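Residue numbers (the working numbering): 366 to 603.
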């Protein structure tokens, strides 16, 4: 069976061994029945999706149904819609370029595998970010504490990649994103999750609670504590 040929942003290309493992896994995930033409330069799942597969007249619900029925084109469009969202969330959460690539790729894999479970009771963006949240949590638990100089160097590189993921934003917005990155990374993991989902991805409190798998009260508490810390660090008055 042929593997899924659509690819995600080149910035997410992972190591060759991971590419091979993930492509094998992708090929066994869904019985895709149609072909997708693409112009990617590599064979990773996370490469660049050809914009020719985009279809303005189809809404998200229809794309989901077509994907579940086995349409490669529809699945590629959905992955393209959310690839940058997954990546920028992972890169701030993990503060490591390679781990963020792996996490975004794993999110894409689980998105494909579990899409037939999506009930439509929430936004697909919220549901998919819930997958990314869990992937990042798993990777944080597995990650060993490394050399601080290496971590700091990776954080600098991660910041450059993050601003690249917001390529369509104005210069002033990119500068604010960079400033926020420096401070948000100091927050505890759960508070960082809440801030990213609220202010970077603009989810509602209810949506954040769903993505994080907690109550709305926990979300509000996390945001309150995080904002208080951020204001102190950035010396911003309430």
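Even glycine gets a Cβ: it sits at the ideal position worked out from N, Cα and C. All figures in this text were calculated on a predicted structure; none of them were measured in a lab.
Residue burial is scored here from C-beta neighbours: residue 438 has at least 16 other C-beta atoms within 10 angstroms and is therefore classed as buried. Rounded to whole angstroms, the separation of the alpha carbons of residue 428 and residue 584 is 31 Å.
Remark: C-beta atoms of residue 491 and residue 595 do not approach each other more closely than 9 Å. By the CB criterion at 9 Å, residue 551 and residue 598 fall inside the cutoff.
For residue 441, the enclosing alpha helix (DSSP H) begins and ends at 437-459. Here residue 443 is near residue 489, since their CB atoms are less than 9 Å apart.
Taking one beta carbon from each stretch, the region 471-480 and the region 554-561 have fewer than 3 pairs nearer than 8 Å; the two do not touch. The DSSP-derived three-state label of residue 483 is coil. Contact check for residue 575 against residue 487 passes: the beta carbons are separated by less than 9 Å. Per DSSP, the unbroken alpha helix (DSSP H) holding residue 430 starts and ends at 425-434.
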